[in-house]
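> I'd like to ask some things about the structure below.
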C-alpha cells in the first residue's frame, strides 16, 4: 500500500510540475508578445489609438525611471508616472516623429504573478514628413510585470538610453519678466531623444564698463549698442558676431537659438 501511495504522490508531483511549466511557457509567450506588439505599435505610424493601447498595459501606479546618456556624455535621470510617460508619446505624435526599433529579448523570469523581462532596443527616430533620420540610440530595459485577472501589467520600467546621434527638432520659447525685480526667465521646450523636455533659463543682464552683457547657462554674450549679439571669451573680448536684434526679447531669442543649436532646427516664440 505504501508503494502505491508513493507512486500516486510521484504522479501528482509530475502532473503539477508539468502544469506549472506549461503555465510558465504560456505566460512567457504572453509577455514577449506584449513587448513585441508594443514596439510594433510605436514603430508604425503612431496614432492616438495606438498610444492608448500601449498605455492600457501600464498600471496606474507604475514607476518609470529613464537614465539618458547623451552624445556629449551628459547623464540625466527622470522619474515618471504614467501620465508623464504618456505625454512622451503624445509629443512624439504631435511632432510627426516615427520610431523604428529592433527588439532583442534577453531573459524572461516568472515567479507566480510577478515577472521580470530584460530586453534591448536599437532605435531610430524618423521625421514622418521628410523621412529624415533625426536620432539613433540604444536602450537597455528592465521591466517588472504583475498579473491581474489573467492580464499582465507593467509595474515598473527601468530604461537606460544611450544616444548615438543628436536629435534636432522644432523648439519653443516663452519669456517671463518680473516688472518689480527686473528678472527674466526663458522657458525652452526642446526634444531630447524621443522625449520633450522643458528647461527654465535664468537670463541675467549687466552693464560692465559701459557695455551690456547677457549671461545665460553660465555663458556670457555682449549686446553691443543693444543691437548686435557677440560671443565673448573669458576676458570679455568679442569672438563671433551672431545676429542683430530688434529689442531685448529678440536678443534673448538669438542667444537661446545659439545655446540650443544642437537640439533645435528652429525656435518659435510663444507670447
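Residue numbers (the numbering used here): 245 to 515. Ideal Cβ placement from N, Cα and C applies to all residues, glycine included. None of these values were measured; they are calculated from a predicted model.
(1) Does the distance from the CB of residue 302 to the CB of residue 398 come in under 7 Å?
(2) Quick one: using the 10 Å Cβ neighbour count with 16 as the cut-off for buried, is residue 509 buried or exposed?
(3) Could you tell me if residue 352 is buried or exposed, where buried requires 16 or more neighbouring beta carbons within 10 angstroms of its beta carbon?
(4) If we count the other Cβ atoms within 10 Å of its Cβ and call it buried at 16 or more, is residue 511 buried or exposed?
(5) Check the C-beta distance from residue 310 over to residue 322 and give it rounded, since I have them as a contact under 8 Å.
(6) Nearest CA to the CA of residue 405: which residue from 430, 395, 379 and 506?
(7) Taking DSSP as the reference, what is the three-state secondary structure of residue 352?
(8) For residue 435, count neighbouring Cβ atoms within 10 angstroms of its own Cβ and tell me buried if that reaches 16, exposed if not.
(9) Confirm, please, whether the CB-CB distance from residue 430 to residue 496 is below 7 Å.
(10) Taking Cβ positions, are residue 408 and residue 428 nearer each other than 7 Å?
(11) Identify the residues that DSSP records as bridge partners of residue 418: which are they?
(12) Could you give the DSSP three-state label for residue 296: helix, strand or coil?
Result, derived from the coordinates:
(1) Contact flag set, yes.
(2) The residue is exposed, with fewer than 16 neighbouring Cβ atoms inside 10 Å.
(3) In summary, residue 352 is buried, with 16 or more beta-carbon neighbours lying within 10 Å of its beta-carbon over all protein chains present.
(4) Result: buried.
(5) Yes, residue 310 and residue 322 are in contact; Cβ-Cβ is about 5 Å, under 8 Å.
(6) Out of 430, 395, 379 and 506, 379 has the C-alpha closest to the C-alpha of residue 405.
(7) Three-state result, residue 352: strand.
(8) Taking a 10 Å sphere around the C-beta of residue 435, we find 16 or more other C-beta atoms and assign the residue as buried.
(9) Yes, these two residues count as a Cβ contact at 7 Å.
(10) No; because the gap between Cβ atoms is not below 7 Å, this pair is not in contact.
(11) Beta-bridge pairing links residue 418 to 431.
(12) Three-state DSSP puts residue 296 in a helix.
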